[in-house]
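J.:
Protein chains in written order, with the numbering used here: chain A, 2 to 339; chain B, 2 to 339.
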């Protein structure tokens with residue numbers, strides 16, 4: 002294919018707005034110097050007016066019609082865009098990545114939370130790093146055994162915007178067990194006394210590269226392991242199994258060395274994330290053994306905490322199923338078996 | 002949002018080509034009078050030159066850069082477009098719908114086939130309706146108990162194009178047990194003596210509406226049930242669980258009345274299908290009971306038939322996991338339980 006007229010498409014980094022009050026035309030702009038996780042810069046773009054383009058990988062994008070721009074702002078840490086979509090309700094874009102949509106956020110939030118909390122008996126103290134939207138707090142709130150929930154979120158803009166525009170998600174903040182710490186997550190983790198938490202949930206979520214980077218940061222993971230009690234559990238998002246450079250085997254090996262307990266990869270469907278799938282990494286520290294595939298602390302459907310109803314996605318069967326992997330993923334994780 | 006500059010985007014029905022030999026510019030055209038499954042016509046479109054737009058639902062599309070147009074043709078039945086994509090290998094578009102991509106076809110083909118064939122003991126005679134690409138034949142070929150495979154495909158163009166451009170998929174035709182019938186599937190099914198097949202696989206695949214329509218056709222399903230032996234099994238694609246108008250409960254009820262055995266909905270991940278998910282409907286006729294959730298006829302990893310290697314996706318664990326449903330799907334299927 003020739004070069005003229007092709008290779009030009011909207012990218013998702015640094016959205017800009019023209020005619021904001023009138024037509025809500027969104028023009029995606031240049032690359033802002035950031036790199037794709039595969040090391041190649043994103044294409045620069047002419048615009049697809051009125052549409053938001055989520056560029057999964059070069060040569061592919063998911064586009065959403067923006068019915069109405071609801072919020073656009075920039076804090077000292079990141080840019081946040083909220084728009085009303087035709088089909089997915091409100092959509093939140095953080096630094097150019099889809100963070101969540103009202104239509105399918107529950108799948109991610111419920112699985113990230115309950116894959117961890119339903120795998121340990123009687124969890125009492127939980128730390129959430131990131132997750133300023135409040136959806137994970139809403140899910141933790143369903144667990145009556147929990148006595149104390151710390152959330153460490155660096156960006157008050159995120160909290161404020163979600164409280165204003167996504168009340169059914171930010172409702173998690175209404176749980177009186179929640180203690181909000183506006184701080185850098187790494188500094189917070191480093192300050193935590195050894196063995197403080199039963200469960201730590203990492204929701205500093207940027208699809209693809211950055212997750213792998215966080216999970217590749219040995220110092221950070223050492224601090225997380227240190228902050229967990231023996232047999233405590235970390236839950237973190239991980240790359241989609243369809244990621245072209247799916248390298249979860251290295252991450253699992255590293256996590257096994259650091260956490261010294263069970264380490265498992267799981268996955269579920271979230272249609273608005275790239276490839277329609279998100280992965281999860283579950284790790285337990287040395288101590289009472291944890292079998293992530295068999296939840297021992299099932300949710301009580303009568304106890305929803307501050308959530309307005311029972312979980313829409315999670316149940317014990319889908320918990321176990323999330324750890325069943327396609328053969329090509331099993332092979333990627335354990336090449337020696339094949 | 003105002004009307005000018007928005008509400009215009011590429012649609013997928015009736016692709017047209019301009020400057021075919023030079024720039025391979027694809028311009029999606031108007032709606033061709035077809036309707037979306039929800040009854041509303043698709044938007045008409047200006048083009049996104051050099052890209053193919055798969056419009057999942059109004060207000061949303063998945064776009065793919067077309068590196069090279071490989072084939073475009075029209076038979077008396079349908080239009081077929083094959084292009085080389087940046088990331089998914091060759092992509093086949095049938096009547097404006099993504100039929101498959103080289104990158105992820107195995108997930109659909111393996112699951113549709115083995116969810117059925119691994120659920121019955123010693124299957125000997127199998128009918129495939131549609132599936133002219135040959136991928137399902139390739140998967141059936143792994144089963145050494147099978148003695149006879151009929152495929153009824155109406156369109157020789159599909160077979161010819163796949164044999165030429167997708168040899169690793171069309172390799173299924175090389176199995177000597179395969180008997181090709183170029184006929185209308187419904188007429189073929191109606192001509193089959195009662196109780197002929199152990200397994201029938203329906204691969205007349207068009208995402209969203211049309212599948213539901215096929216599964217809603219009582220006469221057709223009666224003929225399928227008649228063509229199956231007692232305790233025989235039908236496998237067919239079904240709507241994604243994320244479909245806005247997910248109405249699988251009605252389909253299950255209808256299938257239970259017709260087949261009188263087990264009827265189950267399953268799902269798996271196929272990133273290039275709308276919402277990243279495809280559903281499956283599994284039905285068994287009255288006779289020896291079939292428990293779809295517990296495969297009793299596992300694949301032998303040493304026996305791959307004409308396939309070039311072991312399955313990439315299917316295994317017994319992912320088989321059972323495919324029947325574990327998110328809570329909102331369970332509720333949609335059995336509202337009385339909630």
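All C-beta atoms, glycine included, are put in the ideal place defined by N, C-alpha and C.
Just so we're clear, the structure is a prediction, and the values are computed from it rather than from any experiment.
#1: For chain B, find out if any of its Cβ atoms is closer than 8 Å to the Cβ of residue 325(A); answer yes or no.
#2: Could you spell out where the beta strand (DSSP E) holding residue 251(A) opens and where it closes?
#3: If you draw a straight line from the C-alpha of residue 289(B) to the C-alpha of residue 123(B), how long is it?
#4: Near residue 79(A), which residues of its chain fall below 7 Å by C-beta distance, leaving aside the five closest residues on each side in sequence?
#5: Any beta carbon from chain B within less than 8 Å of residue 65(A)'s own beta carbon?
#6: How should residue 265(B) be labelled, buried or exposed, when 16 other C-beta atoms within 10 angstroms of its C-beta is the threshold for buried?
#7: Drop a sphere of 10 angstroms on the beta-carbon of residue 328(B), count the other beta-carbons inside from all chains shown, and report buried for 16 or more, exposed for fewer.
#8: Going by alpha carbons, who is nearest to residue 272(B) out of 105(B), 76(B), 87(B) and 50(B)?
#9: Check whether the region 192 to 202 of chain A touches the region 163 to 170 of chain A, taking contact to mean three or more Cβ pairs, one atom from each stretch, closer than 8 Å.
#10: Just checking: is the beta-carbon of residue 157(B) within a distance shorter than 8 Å of some beta-carbon in chain A?
#11: Where residue 152(B) and residue 231(B) are concerned, what is the direct C-alpha to C-alpha distance, given to the nearest angstrom?
#12: So that I know if they touch, is there some Cβ in chain A lying closer than 8 Å to that of residue 245(B)?
#13: In chain B, which residues lie less than 9 Å from residue 87(A) when you measure between Cβ atoms?
#14: Could you tell me whether the Cβ of residue 263(A) comes closer than 8 Å to any Cβ of chain B?
#15: So with CB distances below 8 Å, who are the chain A contacts of residue 319(B)?
#16: Find the nearest neighbour of residue 194(A) within the set 282(A), 228(A) and 90(A), judged by alpha-carbon distance.
#17: Apply the 10 Å Cβ neighbour rule to residue 304(B) and answer buried if 16 or more other Cβ atoms are within range, or exposed otherwise.
#18: On the criterion of 16 or more Cβ atoms from any shown chain inside 10 Å, does residue 46(A) qualify as buried, or is it exposed?
#19: Out of 311(B), 295(B), 296(B) and 294(B), point me to the one whose CA is closest to residue 302(B)'s CA.
#20: Spatial neighbours of residue 259(B) within its chain, please: CB distance less than 7 Å, with the 5 preceding and 5 following residues excluded, ordered by chain position.
#21: Where does residue 304(B) fall in DSSP's three states?
#22: Given residue 1(A), which residues of its chain have a CB within under 8 Å of its CB, disregarding the five upstream and five downstream residues?
#23: Would you decide whether residue 320(B) is buried or exposed? Buried here means 16 or more other CB atoms lie within 10 Å of its CB.
#24: Out of curiosity, what's the CA-to-CA distance linking residue 238(B) and residue 314(A)?
#25: Can you have a look at residue 74(A) and say buried or exposed, based on whether 16 or more other CB atoms are within 10 angstroms of its CB?
#26: Rounded to whole angstroms, how far is the Cβ of residue 115(A) from the Cβ of residue 300(A), which I believe are closer than 8 Å?
#27: In whole angstroms, give me the CA-to-CA distance for residue 54(A) and residue 62(A).
#28: Rounded to a whole number of angstroms, what is the C-alpha to C-alpha distance between residue 132(B) and residue 255(B)?
#29: Can you find a C-beta in chain A that's less than 8 Å from the C-beta of residue 276(B)?
#30: Report the CB separation of residue 292(B) from residue 263(B) in whole angstroms; it is logged as a contact under 8 Å.
#31: Mind pulling the chain A residues with CB within less than 7 Å of residue 308(B)?
#32: Counting only the same chain and skipping the five closest in sequence on each side, list residues whose C-beta sits under 6 Å from that of residue 184(A).
#33: In chain order, what are the residue ranges of uninterrupted alpha helix (DSSP H) at least 4 long that sit wholly in the region 274 to 335 of chain A?
#34: In the DSSP output, which residue or residues are listed as bridge partners for residue 84(A)?
#35: What's the gap between the Cα of residue 1(A) and the Cα of residue 84(B)?
#36: Specify the secondary structure class of residue 199(B) as computed by DSSP and reduced to three states.
T.: According to the data block:
#1: yes
#2: Per DSSP, residue 251(A) belongs to no beta strand (DSSP E); it is in the alpha helix (DSSP H), 249 to 260.
#3: 13 Å
#4: 95, 96 and 156
#5: yes
#6: buried
#7: buried
#8: 105(B)
#9: no
#10: no
#11: 21 Å
#12: yes
#13: 58, 59, 60 and 61
#14: no
#15: 325, 326, 327 and 328
#16: 228(A)
#17: exposed
#18: Any reading at residue 46(A) must be qualified, since the residue scores a pLDDT of 37, below 50, and its modelled position is unreliable; no value is offered.
#19: 311(B)
#20: 219, 222, 223 and 226
#21: coil
#22: Given that chain A is displayed from residue 2 to residue 339, the structure contains no residue 1(A) and the question cannot be resolved.
#23: buried
#24: 22 Å
#25: exposed
#26: 6 Å
#27: 6 Å
#28: 24 Å
#29: yes
#30: 7 Å
#31: Within 7 Å Cβ-Cβ: nothing; residue 308(B) doesn't reach chain A, min ~13 Å.
#32: 153
#33: 317 to 322 and 328 to 334
#34: 70(A) and 92(A)
#35: Residue 1(A) lies beyond the range of chain A shown here (2 to 339); nothing can be said about it.
#36: strand
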